[in-house]
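Right, one structure below, let's go through it.
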Amino acid sequence: MLSVRGLAVEYGHVQALRGVDLDVRAGEITAIIGSNGAGKTSMLMAISGLAPVTAGEVRFDGQPITRRPAHEITKLGITQILEGRQLFADQTVEDNLLLGAYTRLGDRRRVRELIGRELDRFPILRQRRRQLAGTLSGGEQQMLAISRGLMSEPKVLLMDEPSMGLAPLLVQQIARTIRTLREEGATILLVEQMASVALRLADRAYVFENGRVSLTGTGRELADNPDVKRAYLGG
Ligand code: ATP
Numbered sequence: 022m023l024s025v026r027g028l029a030v031e032y033g034h035v036q037a038l039r040g041v042d043l044d045v046r047a048g049e050i051t052a053i054i055g056s057n058g059a060g061k062t063s064m065l066m067a068i069s070g071l072a073p074v075t076a077g078e079v080r081f082d083g084q085p086i087t088r089r090p091a092h093e094i095t096k097l098g099i100t101q102i103l104e105g106r107q108l109f110a111d112q113t114v115e116d117n118l119l120l121g122a123y124t125r126l127g128d129r130r131r132v133r134e135l136i137g138r139e140l141d142r143f144p145i146l147r148q149r150r151r152q153l154a155g156t157l158s159g160g161e162q163q164m165l166a167i168s169r170g171l172m173s174e175p176k177v178l179l180m181d182e183p184s185m186g187l188a189p190l191l192v193q194q195i196a197r198t199i200r201t202l203r204e205e206g207a208t209i210l211l212v213e214q215m216a217s218v219a220l221r222l223a224d225r226a227y228v229f230e231n232g233r234v235s236l237t238g239t240g241r242e243l244a245d246n247p248d249v250k251r252a253y254l255g256g
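Mapping of the sequence shown onto my numbering: residues 22 to 256, in sequence order.
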């Protein structure tokens, strides 16, 4: 569904990606793991049209989308859930969900259905639906960020560090949510520092090092790889 070839991203003199090839297949979870600064977020940003691409190509459903503006890429069906969540803190939970559906606000009935679906997915959000997003706990904010992303019914969901800053139990809950999304047929590109969580979820995974792909394989293959174990899974 997504095919990335020879992608380079540069911020001034900082080379964040140096010729990356990556594929995301429909209905699969593809994970990117790697240390701080390896270029994981830059990969998602480049696909979303938010990072300076200096070489290479991104194709979505066979069509080149490299350097198209971010709002056009969103409309094509690629939604990114940003690291750090970036909710509208002074808006209610329900308004944040509505804003997630801004590409289809004309279709009120569908938007209502989608809000219902998301409040069923995370019942705690139903209880909090009139509360300002800024007053939610970290875990609740992450749930809202995921739900807001799903309001646009994306063909591909790009998730950046959904476990960041969460307690272990909440990390497990978010992991279960991601697995359920896959069972519902979602296509997900997941960036995650917690390699053990990512590799358990992933059909296919990539290890990024210094702006390059150093290893790729199924989630299981990488989880069993001695180098990956040593570097990313605590031995
Ligand atoms: P982390 O897990 O810490 O978020 P990452 O693997 O997602 O790391 P990136 O955020 O993609 O890595 O960063 C790759 C490199 O590009 C780093 O050296 C980073 O400092 C640099 N970088 C990222 N964004 C910018 C920017 N807007 N301007 C300048 N340099 C940047």
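Quick reminder that beta carbons are idealized off the backbone N, C-alpha and C, glycines included. All values derive from a computational prediction rather than experimental measurement.
By the criterion of a C-beta distance shorter than 6 Å, residue 98 is surrounded in its chain by 175 and 176, once the five residues flanking it on both sides are discounted. In the displayed model, residue 240 falls within a helix according to three-state DSSP. A distance filter of 6 Å between CB atoms and the heavy atoms of the ligand ATP selects the following residues in sequence order: 32, 35, 37, 55, 57, 58, 59, 60, 61, 62, 63 and 214.
Residue 87 sits in coil when the DSSP states are folded into three classes, being neither helix nor strand.
About 7 Å separates the beta carbon of residue 223 from that of residue 211, a gap short enough to meet the 8 Å contact definition. For a cut-off of 8 Å, the C-beta gap from residue 125 to residue 133 is around 12 Å, too long to register as a contact.
In the DSSP annotation of this structure, the continuous segment of the alpha helix (DSSP H) that includes residue 168 starts and ends at 159-171. Collapsing the DSSP output to three states places residue 24 in a strand.
In the assembly as shown, residue 96 is an exposed residue. Its beta-carbon has fewer than 16 other beta-carbons within 10 Å. Residue pairing by DSSP places residue 229 opposite 55 and 234 in a beta bridge.
The residue from 241, 205 and 91 with its alpha-carbon nearest to that of residue 216 is 241. For residue 119, the CB contacts under 8 Å within the same chain, skipping 5 residues up- and downstream, are 126, 132, 136 and 172 in chain order.
Under the 8 Å Cβ criterion, the region 34-43 counts as touching the region 58-70, having at least three qualifying pairs.
According to the DSSP assignment, residue 121 belongs to the alpha helix (DSSP H) that extends over 114-121. DSSP, read as helix, strand or coil, puts residue 142 in helix. Note that the C-beta distance between residue 157 and residue 113 is not below 8 Å. Bounds of the alpha helix (DSSP H) holding residue 251 are 247-253. When the five nearest sequence neighbours on each side are left out, the beta carbons in the same chain lying within less than 7 Å of the beta carbon of residue 143 are those of 164 and 168, in order along the chain. Nearest in C-alpha terms to residue 115, of all of 249, 139 and 86, is 139.
Burial is judged here by how many other beta carbons sit within 10 angstroms of a residue's own beta carbon; residue 121 has at least 16 and is buried. For residue 64, the enclosing alpha helix (DSSP H) covers residues 61-69. In terms of Cα proximity to residue 56, the closest of 233, 229, 243 and 244 is 229.
Of the residues assessed, residue 46 falls on the exposed side of the cut-off, its CB having fewer than 16 other CB atoms within 10 angstroms.
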